[in-house]
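Visitor:
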Amino acid sequence: MEKQKTLSRSIIILGLFSFITSLSGESTNLALPTISHALAITNNEATWIVQIGLITTTILLVAFGHLGDILSKELIFLVGGILFTAGSLINGLSPSFTALLFGRIVQAIGSAMIMANSIGLTTEYSTPEKRGTALAIISMFISVGAISGPALGGVLLSAFSWRWIYLINVPLGLIFTFIGYRVFTFPKLTRGTIEQPLKEANWLGQGIFSVGIIILSLSSLFFQSANARYLVGSLAFFIGAGLTIYSFIQDDHSKNPWISPNVLRNKRFMLSMFALFLAMLTNVASNILLPFYLQSFHRIDPMISGLVMVLQSVIMLLIAPIAGRLSDKIGSSKLIITGISILILSQIGYTFYPLKLNWLLVLFPILLNGIGMGIFLSPNNSLAMSFVDKQFTGVAGSLTSFFRTIGMSLGISIASAVLFAQLPNVRYISPALGNHFIHAFHNVFWVMTALAILCLLLSIYAIKSKQKK
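Counting in this note's numbering, the final residue of the sequence shown is number 517, and the numbers go up one at a time with none missing.
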């Protein structure tokens, strides 16, 4: 009873911080064309404002999930809120592109601490019967943030400055942190209980993993320049992927692994994670490219563009709680397959985006995208967490956030590489590019369609594997 009462209080804090991180991310996506011109950087360079944050978060997610398990999930979560707020302040006051990237790194460290422990905290305090509903509530907060991000961002960009999409997080972050401090219960930590886990941690594995992720993410740069070096880019991609995979193997054999072997060797859990990775990779392409299609290519006002971008999140907000409740009653399998199938149709829909603006053709794929992701996410998370023992929910939750984030990071890298490799020497997307841009835009989403189909096949295999157990 006390656990359930704690959940009902803490779910507010978990949801509010999930809301604010989602709001910031979606606002940033919408603002990229504006920031690009304000800081005199290319559209391609502007995508790194998003990517640098995702790379940082990806690198640190598992480590913060592990520290949450052995120290305190509540403490790590709340420190993350403080850092996220500080990073937002730096972003809002940044005088240059370099300073903005630094602020995004600080903000991303805070996001990693929040994301790594939010699912674990929710799962830890909820009963198996209510887990899907609890996770769906968190998804609802994320969706509200995703809705507010483009809508509020569009207003701020049109009426004020891009800096306010970050500065608005500062008072919100301070208020939420104070409430969290009053609500959460923190264990008494001594110097020994803090130092010992840090000394014994597998820092070698963390280092290999970090280098691998950085190389993997930077590999896309070799495909995007006018003098594209495909061989070097491909080599960097495989080296980065190899180091990342090896870091998991090294961690699995270390004395003090970041990820418990019970989780890493859990085939059913990992299959669900790979499906999540591919779904997020596919989904993020539209989030990053639609602002350029609408604002840069069709000269749509940021406020209108923001309202268009809101549609997907509104649909996810409506669908997520229904999908969560259904997964508690009928299981997750059918919902997962249905969600991914609709996601595939949405990606095909983006390949029909026209040279001359047609709102029906623009909005329909966004609608399908929201329905597909809304149906898929909560059941997939619920299914994955049901495979994990309770003592490993922290690291399992951080792995969920990790695969979600690395999917988004690589999705942006792939989408940017495919698009700008076809547009060499183009600094800014404009109507003058005509069919050349539209053709490149369509090709991005044919690639995403193929990846979504792979996600479907992987999910079917994971579900059949579960049924054989």
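All residues carry an ideal CB built from backbone N, CA and C; glycine is no exception. No experiment lies behind these values; they were computed from the predicted model shown.
Within 8 Å, do at least three Cβ pairs link the region 369-382 to the region 395-403?
Guide: Too few Cβ pairs lie closer than 8 Å, so no.
Visitor: Taking the C-alpha atoms as reference points, what is the distance between ARG230 and ILE367?
Guide: Roughly 32 Å between the two C-alpha positions.
Visitor: Check for me: the alpha helix (DSSP H) holding TYR398 runs from which residue to which?
Guide: Note, TYR398: alpha helix (DSSP H), 381-398.
Visitor: With a Cβ-Cβ cutoff of 8 Å, do GLY459 and MET364 count as a contact?
Guide: No, the Cβ-Cβ distance between GLY459 and MET364 is not below 8 Å.
Visitor: Taking LEU359 as the reference, give the member of PHE132, ILE419, ALA182 with the closest Cα.
Guide: When only C-alpha atoms are compared, the closest one is ILE419.
Visitor: Under 8 Å, do LEU291 and VAL259 count as touching if we go by C-beta distance?
Guide: In contact: LEU291 and VAL259 (Cβ atoms closer than 8 Å).
Visitor: Buried or exposed: where does GLN244 fall if 16 or more other Cβ atoms within 10 Å of its Cβ makes it buried?
Guide: So GLN244 ends up on the exposed side.
Visitor: Does the beta-carbon distance from ILE157 to THR104 come in below 8 Å?
Guide: Going by C-beta atoms, ILE157 is nearer than 8 Å to THR104.
Visitor: Tell whether a beta-carbon distance below 8 Å holds between ALA333 and VAL98.
Guide: In this structure, VAL98 does not lie closer than 8 Å to ALA333 by Cβ.
Visitor: Would DSSP call HIS591 helix, strand or coil?
Guide: Because the chain is modelled from 49 through 517, residue 591 falls outside the range shown and cannot be assessed.
Visitor: Three or more C-beta pairs closer than 8 Å, one from the region 476-483 and one from the region 491-511: is that the case here?
Guide: No: fewer than three Cβ pairs fall under 8 Å.
Visitor: Helix, strand or coil: how does DSSP classify VAL474 here?
Guide: If DSSP states are grouped into helix, strand and coil, VAL474 belongs with coil.
Visitor: Hey, GLY445 and GLY168: beta-carbon distance below 8 Å or not?
Guide: Yes, the Cβ-Cβ distance between GLY445 and GLY168 is below 8 Å.
Visitor: Is any heavy atom in the ligand SAM found nearer than 7 Å to the beta carbon of VAL154?
Guide: The model depicted lacks the ligand SAM and carries no ligand whatsoever.
Visitor: Among the candidates PHE468, LYS121, ALA500, whose CA atom is the shortest distance from the CA of ASN417?
Guide: Of the candidates PHE468, LYS121, ALA500, the one whose C-alpha sits nearest the C-alpha of ASN417 is ALA500.
Visitor: How long is the line joining the alpha carbons of SER72 and TRP210, rounded to whole angstroms?
Guide: If I take the Cα positions, the gap works out to 12 Å.
Visitor: To the nearest angstrom, how far is the alpha carbon of LEU137 from that of THR106?
Guide: Distance between the alpha carbons of LEU137 and THR106 is about 22 Å.
Visitor: Going by beta carbon distance, what residues of the same chain come within less than 7 Å of VAL154, once the five residues before and after it are set aside?
Guide: These residues qualify, in order along the chain: LEU131, ALA134, GLY135, ILE138.
Visitor: Which one of SER206, GLY455, TYR214 has the shortest CA to CA distance from LEU329?
Guide: Closest by alpha carbon: GLY455.
Visitor: Taking C-alpha atoms, which residue in LEU326, LEU342, LEU393 lies nearest to PRO479?
Guide: The residue with the shortest Cα to Cα distance from PRO479 is LEU342.
Visitor: Applying the 10 Å Cβ sphere with the 16-neighbour rule, what's the burial state of ALA207?
Guide: By the 10 Å Cβ count, ALA207 comes out exposed.
Visitor: What is the residue span of the alpha helix (DSSP H) that THR106 lies within?
Guide: It spans 91-115 - the alpha helix (DSSP H) in which THR106 sits, taken as one unbroken run.
Visitor: Under a Cβ-count criterion, where at least 16 other Cβ atoms within 10 Å of its own Cβ denotes burial, should MET49 be classed as buried or exposed?
Guide: Caution applies to MET49, whose pLDDT of 47 falls short of 50 and renders its modelled position unreliable; the model cannot decide the point.
Visitor: Under three-state DSSP, which class holds GLY482?
Guide: Of the three classes helix, strand and coil, the one that applies to GLY482 here is coil, per DSSP.
Visitor: For the alpha helix (DSSP H) that GLN254 lies in, which residues bound it at each end?
Guide: 251-266 is the span of the alpha helix (DSSP H), which, as asked, contains GLN254.
Visitor: In the DSSP assignment, the alpha helix (DSSP H) including TRP407 goes from what residue to what residue?
Guide: Note, TRP407: alpha helix (DSSP H), 407-434.
Visitor: Let me check understanding here. Comparing Cα to Cα, which of ARG475, PHE125, LYS404 lies closest to PHE234?
Guide: It is PHE125.
Visitor: Can SER449 and ALA184 be called in contact, C-beta distance under 8 Å?
Guide: No. Outside cutoff.
Visitor: Since GLN360 is in the alpha helix (DSSP H), which residue starts that stretch and which ends it?
Guide: Residues 350-378.
Visitor: What's the call for LEU237, buried or exposed, on a 16-neighbour Cβ count within 10 Å?
Guide: It counts as exposed.
Visitor: In three-state DSSP terms, what is ASP437?
Guide: Note: ASP437 maps to coil in three-state DSSP.
Visitor: Just verifying my parser: in three-state terms, what is the DSSP assignment at LYS404?
Guide: LYS404: coil per DSSP, three-state reduction.
Visitor: Closest to SER265 by C-alpha separation, out of GLY101, ASN77, LEU447, would be which residue?
Guide: That would be GLY101, whose Cα lies nearest to the Cα of SER265.
Visitor: In three-state DSSP terms, what is ARG239?
Guide: Three-state DSSP puts ARG239 in a helix.
Visitor: HIS490: buried (16+ other C-beta within 10 angstroms of its C-beta) or exposed?
Guide: The residue in question, HIS490, is exposed, as its Cβ has fewer than 16 Cβ neighbours within 10 Å.
Visitor: Does THR233 come out as helix, strand or coil in the three-state DSSP assignment?
Guide: Three-state result, THR233: coil.
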